[in-house]
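I have placed the structure first, in the form of structure tokens, so that the comments after it can refer back to it.
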Ligand SMILES: [Zn+2]
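Numbering (the numbering used here), first residue to last: 1 to 395.
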């Protein structure tokens, strides 16, 4: 080939050669997270000298739902999507979300790690290096909090880190010793707890010993009662719930914590545990941008009656589906609240049975069900979108 055919490539090479291979340019918003990464690396005997060897972390306007992108250039250049970075600023777990993103990209850029999409026994991702090609249609959400954060950082620096205790399907906590304090049998209107009524937007009734809540609008309903039991105490909460949804991805389930009277925004600090008829479970807190993890659970009965149960001991919540222990995760809210209830999907109908709140009892571990005859102070809140749809992915 003639030299002229090479000429354009020559120009390109010249342009690249003008770039400083040791350039160090990290936008101030990312400096704190980079410091943490270097601290964690140093703890494990890995020392970087990035100010001399070079690194670029900069804002970008990334396409296709990408929130971070690592370019294997010299030096390594990481782009962080500015829209996402700003969007999570109002989320209660903003610090964890931002750290997780920066650490993932640094995993590519500085630790040379690729994507790994292994799933732990409890359904969580094995690594914060998950990404790329989807597995079992599972979203990329990582429950990067509490005990999990420590594990995920260990795993980031050492891929052979053993599977953590929290991911075991063996229940390691003693969840016995709770006895019923509030019990709604829904046998008849006197044991309904909630008002039996018909409004423009919903109706409630008792049918065959269950409470039926029928939504007439394209909104999600939070329906809750004031039980007088503080979620900051150790408790267990049982509820049977059935919802036959036309769209199997619609979520229904239980809520607990505190629902502010006035706000209807996505920042209400209520904890939730929801399931869907495509057999996924989701858990989280509405003050966080989105759910913590999406877990495929065969224990969910499709379009059937599902017995959901949470047991809170200390900071930890243990989740059960139809008597099977499925997951544990720390509760987000630090506020007192005595609200317990359920979530109805858009235009959905749910049937409820055996709403039971229990607390630790000094006497025996035998559940003493007390039938509740008095109506609770209750509330109904319409939510446009329960939690934002989440389709983001890493690179
Ligand atoms: Zn990636």
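Here a beta-carbon is modelled for each residue, glycine too, at the ideal position from N, C-alpha and C. All values reported here derive from a predicted model rather than from experimental measurement.
*Looking at residue 379 and ligand 1, is the gap between the Cβ and the nearest heavy atom below 6 angstroms?*
Counted from its first residue, the chain shown places residue 379 at position 379. Residue 379 has its Cβ no nearer than 6 angstroms to any heavy atom of ligand 1.
_Going by C-alpha to C-alpha distance, which of 345, 126 and 35 sits closest to residue 50?_
Locating residue 50 in the chain shown gives position 50, counting from the first residue. Among 345, 126 and 35, the Cα nearest to that of residue 50 is on 35.
*Around the C-beta of residue 302, are 16 or more other C-beta atoms found within 10 angstroms, so that it is buried, or is it exposed?*
If you number the chain shown from 1, residue 302 lands on position 302. Label assigned to residue 302: exposed.
*asked:* Under 8 angstroms, with one C-beta from each stretch per pair, do the region 186 to 201 and the region 322 to 332 reach the 3-pair mark?
replied: Contact between the region 186 to 201 and the region 322 to 332 is absent: fewer than 3 CB-CB pairs across the two stretches fall below 8 angstroms.
*CB residue 287 to CB residue 143, shorter than 7 angstroms?*
Position 287 of the chain shown, counted from the first residue, corresponds to residue 287. Position 143 of the chain shown, counted from the first residue, corresponds to residue 143. Not closer than 7 angstroms, so no.
_At a threshold of 6 angstroms, does residue 109 count as lining ligand 1 (C-beta to nearest heavy atom)?_
As a position in the chain shown, residue 109 is number 109, starting the count at 1. Flag unset: Cβ of residue 109 not near ligand 1.
*CB of residue 131 to nearest heavy atom of ligand 1: below 6 angstroms?*
Within the chain shown, the letter at position 131 stands for residue 131. Closer than 6 angstroms to some heavy atom of ligand 1: that describes the Cβ of residue 131.
*Should residue 376 be labelled buried (16 or more other beta-carbon atoms within 10 Å of its own) or exposed?*
Position 376 of the chain shown, counting from 1, holds the residue named residue 376. Buried is the call here.
*Through-space distance from residue 254 to residue 200, alpha-carbon basis*: In the chain shown, residue 200 corresponds to position 200, counting from 1. In the chain shown, residue 254 corresponds to position 254, counting from 1. Each residue's Cα considered, the two are about 24 angstroms apart.
_Looking at the secondary structure, which residues open and close the beta strand (DSSP E) in which residue 161 lies?_
Counting from 1 along the chain shown, the entry for residue 161 is found at position 161. Where residue 161 is concerned, there is no enclosing beta strand (DSSP E), because DSSP gives it neither an H nor an E.
_Among 223, 70, 64 and 52, the one whose alpha carbon lies nearest that of residue 58_ = In the chain shown, the residue the question calls residue 58 occupies position 58. Distance check between residue 58 and each of 223, 70, 64 and 52 places 70 closest, using alpha-carbon atoms only.
*asked:* Among 54, 149 and 133, whose alpha-carbon lies nearest the alpha-carbon of residue 101?
replied: Here residue 101 refers to the residue found at position 101 of the chain shown. Of 54, 149 and 133, the residue nearest in Cα terms is 149.
*Simplified DSSP assignment, three categories, for residue 215*: Along the chain shown, one-based indexing puts residue 215 at 215. Residue 215 falls in the strand class under three-state DSSP.
_Cβ-based neighbour list, residue 19, same chain, cut-off 6 angstroms, excluding 5 preceding and 5 following_ = Locating residue 19 in the chain shown gives position 19, where the first residue counts as 1. Taken in chain order, the list of residues that qualify is empty.
*Roughly how far, in whole angstroms, is the beta-carbon of residue 345 from the beta-carbon of residue 252, given that I think they are within contact range, below 8 angstroms?*
As a position in the chain shown, residue 345 is number 345, starting the count at 1. As a position in the chain shown, residue 252 is number 252, starting the count at 1. At roughly 5 angstroms, the Cβ-Cβ gap stays under 8 angstroms, so residue 345 and residue 252 are in contact.
*Whole beta strand (DSSP E) runs in the region 173 to 251 with 3 or more residues, listed along the chain?*
List check, beta strand (DSSP E) in window: 178 to 184, 202 to 207, 210 to 215, 220 to 226 and 235 to 242.
*Can you check the region 302 to 362 for any beta strand (DSSP E) of at least 3 residues that lies completely inside it and give the ranges in chain order?*
Fully enclosed beta strand (DSSP E) runs of 3 or longer: 305 to 313, 316 to 321, 324 to 330, 339 to 344 and 349 to 360.
*Using the C-alpha atoms, what's the distance from residue 233 back to residue 60?*
Locating residue 60 in the chain shown gives position 60, where the first residue counts as 1. Locating residue 233 in the chain shown gives position 233, where the first residue counts as 1. Their backbone Cα atoms lie some 45 angstroms apart in a straight line.
*Does the Cβ of residue 298 have 16 or more other Cβ atoms within 10 Å, making it buried, or fewer, making it exposed?*
As a position in the chain shown, residue 298 is number 298, starting the count at 1. By the neighbour-count rule (16 or more Cβ atoms within 10 Å), residue 298 is not buried but exposed.
*Collapsed DSSP secondary structure at residue 72 in the structure displayed*: Taking the chain shown and counting its residues from 1, the one referred to as residue 72 is at position 72. The answer is coil: DSSP assigns residue 72 none of H, G, I, E or B.
*Between the Cα of residue 194 and the Cα atoms of 342, 96, 82 and 334, which residue gives the shortest distance?*
By 1-based counting over the chain shown, the position of residue 194 is 194. Residue 342 is the option with its Cα nearest to residue 194.
*Alpha carbon to alpha carbon, what distance is there between residue 73 and residue 382?*
Working through the chain shown from its first residue, we reach residue 382 at position 382. Working through the chain shown from its first residue, we reach residue 73 at position 73. Approximately 49 angstroms between the Cα atoms of the pair.
*Measure the Cβ-Cβ separation of residue 246 and residue 277 and say whether it is below 7 angstroms.*
Within the chain shown, the letter at position 246 stands for residue 246. Within the chain shown, the letter at position 277 stands for residue 277. No, the pair does not count as a contact, with Cβ atoms beyond the cut-off.
*Count the other C-beta atoms from every protein chain shown that fall within 10 angstroms of the C-beta of residue 312, then say buried if there are 16 or more, exposed otherwise.*
In the chain shown, residue 312 corresponds to position 312, counting from 1. Counting the other CB atoms within 10 Å of its CB gives residue 312 a total of 16 or more, which places it among the buried residues.
_Close Cβ partners of residue 77 (< 6 angstroms) along its chain, the five nearest in sequence each way excluded_ = For the purposes of this step, residue 77 is identified with residue 77 of the chain shown, where counting begins at 1. If we look at residue 77 and ignore the five residues flanking it on each side, its Cβ neighbours are 56 and 71.
*asked:* Using the three-state DSSP reduction, which class does residue 85 fall into: helix, strand or coil?
replied: Position 85 of the chain shown, counted from the first residue, corresponds to residue 85. The three-state secondary structure of residue 85, taken from DSSP, is helix.
_7 angstroms Cβ cutoff met for residue 338 and residue 227_ = As a first step, residue 338 must be located in the chain shown, where it is residue number 338. As a first step, residue 227 must be located in the chain shown, where it is residue number 227. Cβ atoms of residue 338 and residue 227: closer than 7 angstroms.
*Quick one: using the 10 Å Cβ neighbour count with 16 as the cut-off for buried, is residue 295 buried or exposed?*
By one-based count along the chain shown, residue 295 stands at place 295. Buried, because 16 or more other Cβ atoms sit within 10 Å of the Cβ of residue 295.
*Count the other CB atoms within 10 Å of the CB of residue 32; is the residue buried (16 or more) or exposed (fewer)?*
Here the question's residue 32 lines up with position 32 in the chain shown. Exposed: under 16 other Cβ atoms inside 10 Å.
_Buried versus exposed, by CB contacts within 10 Å (16 or more), residue 274_ = Within the chain shown, the letter at position 274 stands for residue 274. For residue 274, the number of other beta carbons within 10 angstroms of its own is at least 16, and it is reported as buried.
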